[in-house]
Structure formats: C-alpha cells, structure tokens
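So the sequence lines, in the order shown, correspond to chains B and W. Once you know that position 106 of the first sequence is 106 in full-length UniProt numbering, the rest is easy, because the numbers rise by one and skip nothing. Once you know that position 253 of the second sequence is 253 in full-length UniProt numbering, the rest is easy, because the numbers rise by one and skip nothing.
There are 2 protein chains.
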Amino acid sequence: MTETERFRELGQQLRVDSVRASSAAGSGHPTSSMSAADLMAVLLEGGYLRWDVDQLTNPANDHLIFSKGHASPLYYSILKAAGIIDDAELSTFRQLGSRLEGHPTPRIPPTDVATGSLGQGLPIAVGIALAGRRLDRIDYRVWCLCGDSEMAEGSMWEAIEHAAFNRLSNLTAIIDVNRLGQTRETMLGWDLDRYRARAEAFGWHAITIDGHDVEAIKSAYDEVLAVTDRPTMIMAKTMKGRGVKAVEDLPGKHGKPLDNPEEAIRELGGERDLRVQLRRPDPAEPHEFAVAGGELPSWDVDEAVATRLAYGEALTALGSIRGDVVALDGEVSNSTHSELFREAHEDRYFEMFIAEQQMVAAAIGLQVRGWVPFASTFAAFLSRAYDFVRMAAISQANLRLAGSHAGVSIGEDGPSQMALEDIASFRAIHGSTVLHPSDANQTAQLVAQLADRPGISFLRLLRGKTTVRTPADEKVIIGGSRTLRDGDSVAIVACGITVDQAVAAAETLADEGIDARVIDAYSIKPIDAETIRAAARDCGAVITVEDHWPEGGLGEAVLEALAETGDRPPVHKLAVRQMPGSGKPEELLRQAGIDAEGIAAAARNLAAG
Amino acid sequence: MTETERFRELGQQLRVDSVRASSAAGSGHPTSSMSAADLMAVLLEGGYLRWDVDQLTNPANDHLIFSKGHASPLYYSILKAAGIIDDAELSTFRQLGSRLEGHPTPRIPPTDVATGSLGQGLPIAVGIALAGRRLDRIDYRVWCLCGDSEMAEGSMWEAIEHAAFNRLSNLTAIIDVNRLGQTRETMLGWDLDRYRARAEAFGWHAITIDGHDVEAIKSAYDEVLAVTDRPTMIMAKTMKGRGVKAVEDLPGKHGKPLDNPEEAIRELGGERDLRVQLRRPDPAEPHEFAVAGGELPSWDVDEAVATRLAYGEALTALGSIRGDVVALDGEVSNSTHSELFREAHEDRYFEMFIAEQQMVAAAIGLQVRGWVPFASTFAAFLSRAYDFVRMAAISQANLRLAGSHAGVSIGEDGPSQMALEDIASFRAIHGSTVLHPSDANQTAQLVAQLADRPGISFLRLLRGKTTVRTPADEKVIIGGSRTLRDGDSVAIVACGITVDQAVAAAETLADEGIDARVIDAYSIKPIDAETIRAAARDCGAVITVEDHWPEGGLGEAVLEALAETGDRPPVHKLAVRQMPGSGKPEELLRQAGIDAEGIAAAARNLAAG
C-alpha cells in the first residue's frame, strides 16, 4: 500500500471499530468518531504521535487529549490500532468493570485525564504543554482533538488565549468541524474562515483543511512541526458519520449506535486488523529544579497573622524544600500571597490571570506530569471552575486549591467576594480533603502535608488576622482537630475565623458557670469524628459555628459524624443565614450571629433548655 | 460651558466623587473608576443613556451594567450625578446597612444585577438584550462597562459569540482598557488592534478610541447608534487612576483608596455638584405573548415515565397557560426534552449551545425584565455555571434550573455525565429551592409552582423511567413529602430514582417482618422536617438513600432536620461512595448499594443492631 492508502485504510478501520464498539455497547457516539477518523489515522500512521507503547509512562511520550470525549469509540479504536488494547477489550466498551468507559478516563492508560464535559480537554492540554515547556523541558507534543460544538465553551477561549500568550508551539488543537451538534448545526457551521480569523486574532497559527483529505492532513501536520513560536490550530472540515450514507452529515444521528451496523461496516470496506507501529520519542528525562532546602515558617503563640499570609510563606518555604512544588494564581497573588512563591521561585510560578477555569485546568495538566501544583485565588472564584474540579476527581488528579477571603469576615468588599458555599461544594467532590485552619502554624503544617495528599484538596484561607494558638512544635494532621478548652456543659465546634470567637465566648460562659469545650475542627473532611463523638457523649449540647451558609459546611460535617449515634445531645448550628452586605468584619460576624456574643447566647439558650 | 467642557467637567466630578467615596470608606477601587470616568460622563451627558429617573422601573429604560463591578465608586458617582442618590448617601459607601455595597447589587435601584465576580456582567447584558429584542420588543439599549482584565474570562467570549450570533445591535460593550490588572499588566496591555481583531472575528462592530478624548467617545457612541445589524464593542485606551499623578498608570494602585485624597481632589479641580438631566426613553410597553391555555399534563399511576420527559411536557403546557414563561437549553434539548417547548413556543425558546455560563447568565438577564426563565441541561453541566448561580442569589434573581441525567442511574455514559454533587452545591446557594421528584406527576406540579417561586430553584431530573406513584389529583407542594408506606421499624427516606428501590425494599422487608416506612422526600430544600421528625420519633432507625455523593445531599438534609432533636434513632446514609464507571443503570445502582437489595440489607442490619 502507498502511504496515502495506508492512511485511508487505517481511517476506515477506526470507523469500523467505532461502529462495532458502540453497536456492541448499544450506546455511544459512532458518528462523532467517524468525522475525526482520518485526522487521527494520519496522526498515528504518519508518525506524528510519538508514543512508546511498551512504556506508556515514558516521560518523553506525546500526549493525546480527546477534548471531545464522547468520541471515545474512536479513541479506543486508536488504542487497539496501536496495540495497547486488543479487540476483545474493545468489545467491552461501556460495560460494567470495563476500562473503556463511555467517556475516556485514566482507568485506561495512557489516558491522562477524564474528558466528557466539553471544553475541558484543551485547557488541560495547555497545562501539559506548559509542563513540557517550563517544567519538564522535554519536547513532547500535546495533540488535542476538539469538537466544533465545544468551541462555544468559554473555557476553550481561555485556553486559546493562554496557549498563545505562552507561545506553546508544542500544542496542536485539531478542531473536528463536523458542523452538527447534538440537536442542530453549530453557530458557525462549516465557516472555517471565521474559525481561522478567531484563531489568528488570538495569536495562533491557523490551518484550514478538508478533514477527509489525508494528504492535506499530512501537510497540515508537517506544517505544525515547522511552527516554533506559537500553537497551531487545524480547522478540519469534516462530516459527522463520514463514510456511511445512512448517517453521513445528517441531523438526529448524535450519540446513538447505527441502526444497521453490518451494512455500515460493509459500506466502510469491512473489518480490518491493521496495527500501527507508533513512532517512539527520543529518550528524555524531566528537568529537576535545584532547591535550597530550609524549614517551614512558624509563628509564636498569640501573634496575629492572616492564614493567607501563612499560606504564601509556607508555600514559598515548601518550594525551597521540594523542587516539584509549583504555584498558580488567578491574578490575585498579592491577596493570596502566592506572590511570595513567585518572587522566590519564578520559574515554577504560573500566572493564570482572571481565568479560573484555565487555572484549575492548567493545574490538572501539570500534575499529569507528576508536578505538585498549588493553585490559589479567592475561594469565591474557585466556584467558577467547579465543573473542572468535579472532572478532576474523575481524572484521579492530585490538586491543591487554596481559596482565600472566605466568608463574611472579609468585610467591606461585600458578598460577591465572600466564599460562603465553598465548604459545601468542595466536600461534595469525590475523595476530597477540606481544610480550614484557624491559625498560621496550622496553615503551614497543612500546606506541607497537602503536597503528598492524593485527590482534590481545598484549603480555605482567611483575609483577616487570627490569633496563633497552635504551638509551632505541635503536630497538626489532616483528620485531626484541636481541643482548645475542656468542658462538659456544651461543646463548641468552630473552624477558621470563628475559633477566636468561640474561645472568647467560652471565657464569657465560664464566668457564668457554663463550662464550654472548644474544638477547632480545622480538618472538615475528613473530620475528627472521634473527638466530635466524645464531645457529644460528654456534653449536654453541641454548637457548631462557621462563616458559611448553613448547608453542607462544618455543621453538617459534624452532624454526619454523629449520624449513626442514636443517643446524642441536640446540635445547634450557627452559620450565616441572611445575605450579607458590606461592613466591617466584626460587624458582619455579629450580624450573622457567629461572633463571641452570638455563640455565648446560643450556649446560654441550650444550657437553659 | 461647551458640550466638550461639560463632558470633561462631569468626568472630573465622577473622579472626584469616586476618590471621596473610597476615602470615606477606607477601601474600594478609585483608580479603576477613574479610568472609565470620561466614558461614563459622555454616556450620561451626551444623552446616550436613556433613564427615566423618576420611574426607575420604566420598561423602556436603558440598562447600564457594570461588568467591572469593582468600579462601584464610579457607578455610585453616576447615580449621584443623575440625582438618584444624594451626596450624603454616597458617603455611606461600604458601610454596614448602606445600599452602596462594595460591589453593586440590586439593593440600590436601578441596579439590575450584582456584579463583582468578573466576566459576568457582559453575559447577563446579553440576556437583557435578548429580552429587549425577542421578548419585550422594546428598543432599550444595554450598555455594559467591562474591564480589560476580565476579557481573560471565557464567559466573556461566550457572551461575545452569542451577542453576535443573535445580532444584538441593542448591546454595546465598552471595554475600559486601562492595561493594569490587580498585580500586573494584562496579557494584551494596550494592544487595541488585537482586541479589535478578536471582536471583529467574533462578528462585532469594533471601535477603538482614546478613552479620555471626550469627542472621540461621543463619536463612538454616535457610531453605535448607527449600527443596526450587530453589537458594538468600544475598546477605549485609558489610564488607571487617570488625572492624579500619584496613581496614574502606575502598578500597585489597585483596590485601595488614595493616600492623599485632598491633594488628588485639588489636582482634579476640586469638588463639583453637576447634575445631569438624563434623556428619557420614549414610552413603551413590553410585548405580551398570546397563549392558548390548557392544562398541565398528568399520567396514570403505575405508568413508567422519565421525569425529564415530564419536565418537557409540563413546561410546554405551562408555556401555553402563561405567556411569561420562557425556556433556555444548552444544546441538549432532545435529552432534557425542552425541545417540546421549543416546538410549541419557538419565539420564547433560547438555544444557548454548549455554553452553560452564558445560559445561566441569559436566564438572569431575562428575569431582570420580569420574564420567567427555565434553563435546562444535564445537571452535571450546571456545575459549569456555579459561580453564576452563586452571584444570581446576590442579584436576587428568580431562576429555575432544571438538571437532567442525575446520578449513576444514567448508566453507560459514565461519571463525566453523572451529577453526583448537584444537590450539595445547590443546597448551598442562599435562598435556594432543591427539588428531586420521583415521578412524572410530581414533576409536572412542581414545574408549575416553580414559575412563581422566588430565588434560585433547582429541579433534578432523571434520565430513566420511574413508576408514577403520585395520583394526578394529589396536591404536591414545595416543602412537602409523600409517605408511600407506613411502618415503625425503620424509616427509609428516598428521592428520585431511589424511591422505586425503597418501595421494593420495603416489600421484601415486610415479608421478613420488618415494617418499613417509606418517605419520598422530593422536596430536599425546604425539606419536610415535620414528617422526618415524626419518622425519627416513631421508628427505630432512619435510612436515607440517594443517587448522589454522601456529602451535602438528602442524607445531610435529613440530619439537618433532626439536628436539634437530642433523642432520635441512628441515621444511616446510603449514597454513592466509590467513583462509578459505565454500566447498566441497575448494575450501577447495585454497585453503589442504593438499590432495593442494598436498602433492605441496611435495614436488616439496623433492625438486628
């Protein structure tokens, strides 16, 4: 066969296998796979995608991200053609226990991340490309197959801007412009010129081709290799369901197996069993950063320090101790104090500007390559990236997200800047860790531990200063708590800004003969259930107090810890219940009833009742 | 004074008042206000902004959205210049109880929405412009002041694309390109040509000007009025802190009052007390849609119907009953069944493509004008717009968000498409309503009630069919529940897909002599606390069962209802605890332990224990 014939034959095989896999499953997206089959065939057979199939974790391997994750039949057909899976496994597509899920996940190597929520693959690809360029310093390429429908997601344009700004010539986006979305034509249809104008206006090298002309595809990839100062976007005009008349370029054929797969396979020239010898990358080892060593910062008890400052200082120190720690920020580094890390370790700092989705996606991309990212912004604005965080859990990503300016205690800026739902939303991420230290020493120790913590970790930080109560030499562990005061009338469980308030309330109550136990539950997930249960056993009532809405926060974590306990005292939740406005921090804490006075009043009521 | 002088003088007054307000507050963003002062002065004094200041709710009024909400000192200075507030109120900026919060909210009319999370104002402005064009059919204009930093937010590009696609010539975006973000220069700096290229590539009419040249500004606005087939973006080169040497175009001056406000005011020519007579709009009344009337759909008990289908049918019927109901969808209308509404009421249907942030923002914009939006997509993908939902609560918006394909019960598509954190995240929205009907008749009644429900409502819908158990003539109310079976051994609290499973479990248990009470808690927030408490009183144990992660969902809502009750039985939560893969719905329910068998086993354990 000529090269052109090999490309065409492999493309047909990928189509046939996509049809077969989805027919065996009884569901899936064969037509979305068929449109991109030729693009992928040339990528593989032309030697553009460099994978060491015997060592899928080879750091020099290229990365292939299916941003249009629903084209999973095509993706798995590629893995089969490359000899990574066999035909028997291909037929397990979408079955219980199969590694070949409805949308790709890292359960099947070498898949880097889960896709399937559109608009996420390209931003993550930007992160991997950033790792290649700035951290690993290996010339692997990142190839990202995108759908045209997902170009409507704003996150794609965050990625497009960042890729251009960072001149990521190691990144190639291949847009499968098959014109048809799930229910109708996209906004741009087949208007490749408008796609091209947008890509160019954002600073990309742009190529438009017929995505079924294998020679044009090859030329495009050759052109990619020659561009060294910017990313390249290939806009390929394709047809959904290409090659099978019953579905080709027809609406209403999205996300369903073909009605007559046998006929379709015949029309595509029948089954094939071509194996591609993928080109191997040149050997390469990731760059390692020299480190100076040193120790974590610590503070004296009774100092007043903002935990966000402790975060910045601890992260900076951690960066001197470990070369794999990197930081990202959403253009508020002088608020989160990640600027300290930038100043000390500029080569490991990533400015993500006001693009929180891209920030989280970049962090996901960096950890794909084994780096240890800490990404920070106001906790309220992490909500912008919630879908990315949700997907990151499916990606089995290890991420540390630091959110500053939590709660009404930020004061004058008002509710748009106050995170009040962050504990709830992060607790509901699978396998997550949610920490809310009340002082600087806790913060420093937790930052260091988070570097080795698997899964998604959220560190909630305060704008204002709090009293250092944890001695620098006391060990603070994830899943622990600190009992600040013993007592058995009432247990007050606090975290973050409310710890100082709880201690003050307990002092007032002590004068009145009410013995309050005060627990600093800095680890909200996992929570120190044993300590909570002991408090419920010993005390006549439990009060939880948090600078957060009542739902899903500390209070519910405490209730959860006590759920199976039949015999336990009443639990009274203090939380923010009315929409706050602007005001001084202490005014807003008071208004919400979560200051010392509010806590003491609640304790008195419970003691009286 | 000549017109030019009047423009300049008003610009200086807006600057002076911005400096004064933030100095009085001791915080705020005067420099970000000063850059845009001339742009706003001409908008007001030139008669471009049409506001009936005596009737701020006049439907013909223009809309002014400060997408860069941190420029609130400028916004409030405008309200003062327009005679809407007085100077005494201006000096209450950022104080407890003031209507003039750190970032604008609807507490101060005529503010349509809260801003302050960047990248939200323009997408909402698109929604208001859509309302003007397609619903109200009034020629009001929407003027949206944007920061250049927020152009990095993907949501801005969703808005830019939708505005062009819908040819919203009634929308003008004014980009205050002051070059400086919070910590550094933006990615594009003052490169107006690149901004222009992007705007034009997206289909906007683009104008670049010197944003301190009042005559150029006036020409730009005149040009806006002449463009009738597309939105216009004015890119204005400005200087942050313009007019005061100590801060003008200098880094490090973001978000803080001026060090020497008296000197700054002198440099700006001193205080002024100019009043602008804003141009009034021509009188106009919103269009009303003729409706055919009819009734909500209903189904016979024991039919098997997917609640998403019931949603589509009920919404369509509601659209025939009420002319103010409108629908939006994120290009999955054949999955959510909002396509039924589109087919019946095409003029009130908005296709938002794969742009969930823009979808929610458009819904917020439509409700600003009193329309009653229902926006639908997969519940998992509503997480994409979580920051918009959070802000919508601050905007006092009345929104109905319908999320289909909840939980592992969707089956083969896998976890990327499964909403498993949606109950938690929506419960944690201030003032929200969270409903998860288990059958079609419940769904239909709840859809109708949601039309009049204030705040943010989330309706969680199922992909698969469930048994209709609620008689069509039984009243279903928000805050209620249905007890499907009485019993006092154990109470099983279920919702959505798990109701059928709970009933089956109870039948099995009855054969074993265990009397299970089964409660269908279709209203998760507010939850029917009275019924839950009665069950806890009567039964030896409570089991909650939900197709959701354990955190923040039904189980915690039940725990919350029982929090203050000291004497209550153990509560055992059944929920999804491991990351699911693909599989058949029943296989995945079983694997998660939330099918009939898992529920029965849990009940047996509790009965034995």
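From the three backbone atoms N, C-alpha and C, an ideal C-beta is built for every residue, glycine too.
- Contact check for B/A451 against B/L318 passes: the beta carbons are separated by less than 9 Å.
- Proximity of chain W to B/R460 at the Cβ level (cut-off 9 Å) is not reached, the minimal Cβ distance being about 14 Å.
- Within chain W, G154, W157 have C-beta atoms less than 7 Å from the C-beta of B/W157, given in sequence order.
- Between the alpha carbons of B/R577 and B/V545 lies a gap of roughly 12 Å.
- Per DSSP, W/K218 is one residue of the alpha helix (DSSP H) stretching across 214-226.
- For W/Y349, DSSP records a beta bridge to W/A327.
- Around the Cβ of W/A246, a 10 Å sphere holds fewer than 16 other Cβ atoms; the residue is exposed.
- Two segments are said to touch when three or more pairs of C-beta atoms, one from each, lie closer than 8 Å; by this definition the segment 455-474 of chain W touches the segment 427-437 of chain W.
- Residue contact with chain W for B/M391: present (Cβ-Cβ distance below 9 Å to some residue of chain W).
- For B/E586, the CB contacts under 8 Å within the same chain, skipping 5 residues up- and downstream, are D595 in chain order.
- Taking 9 Å as the upper bound on Cβ-Cβ separation, chain B lies near residues E356, Q357, Q358 of the segment 356-373 of chain W.
- When Cβ pairs closer than 8 Å are counted between the two stretches, the segment 526-543 of chain W is seen to touch the segment 482-494 of chain W, the count reaching three or more.
- Among the bridge pairs identified by DSSP, B/V126 is matched with none.
- Selection B/A504, B/S219, B/G323 evaluated against B/G598 yields B/A504 as nearest (Cα-Cα).
- Sequence-distant Cβ neighbours of B/Q277 in its own chain, meaning closer than 7 Å and more than five residues away, do not exist here.
- Among the residues of chain B, none has a CB under 9 Å from the CB of W/W299; the nearest is roughly 25 Å distant.
- For the segment 318-343 of chain W, the set of positions with a beta-carbon nearer than 8 Å to some beta-carbon of chain B reads E331, V332, S333, N334, S335, E339 in chain order.
- Annotation for W/H103: G69, H70, S72, A114, T115, G116 place their beta carbon closer than 8 Å to its own, counting only its chain and skipping 5 residues before and after.
- The Cβ atoms of W/P281 and W/Y140 lie closer than 9 Å to each other.
- Taking a contact as a CB-CB distance under 8 Å, the pair W/I217 and W/D17 does not count as one, their CB atoms being some 19 Å apart.
- Nearest neighbour of B/D511 by Cα position, chosen from B/V332, B/L268, B/R604, turns out to be B/R604.
- For W/K240, the nearest beta carbon of chain B is not closer than 9 Å to its own beta carbon.
- Listed as beta-bridge partners of W/L574 by DSSP are W/V545.
- B/L559: member of the alpha helix (DSSP H) spanning 554-561, first to last residue.
- Taking a beta-carbon distance threshold of 9 Å, B/E89 does not count as an interface residue toward chain W.
- Judged by their CB atoms, B/G414 and B/I124 are not nearer to each other than the 9 Å cut-off.
- Remark: C-beta atoms of B/N178 and B/M233 do not approach each other more closely than 9 Å.
- Between W/A152 and W/T186, the CB-CB gap stays under 9 Å.
- In terms of CA proximity to B/S67, B/Q120 leads the group B/I78, B/G46, B/Q120, B/A81.
- For W/Q442, the CB contacts under 7 Å within the same chain, skipping 5 residues up- and downstream, are T470, V476, Y522 in chain order.
- Membership of W/L588 in the alpha helix (DSSP H) is indicated by the continuous run 585-592.
- In the structure shown, W/P415 falls within a helical segment according to DSSP collapsed to helix, strand and coil.
- The segment 397-405 of chain W makes contact with the segment 360-378 of chain W: 3 or more CB pairs, one atom from each, lie closer than 8 Å.
- Here B/K584 has G411 as same chain residues with Cβ atoms under 6 Å from its own Cβ, once five neighbours each way along the sequence are excluded.
- W/P569 counts as buried, since no fewer than 16 other beta carbons sit within 10 angstroms of its beta carbon.
- Residue pairing by DSSP places W/E185 opposite W/L180 in a beta bridge.
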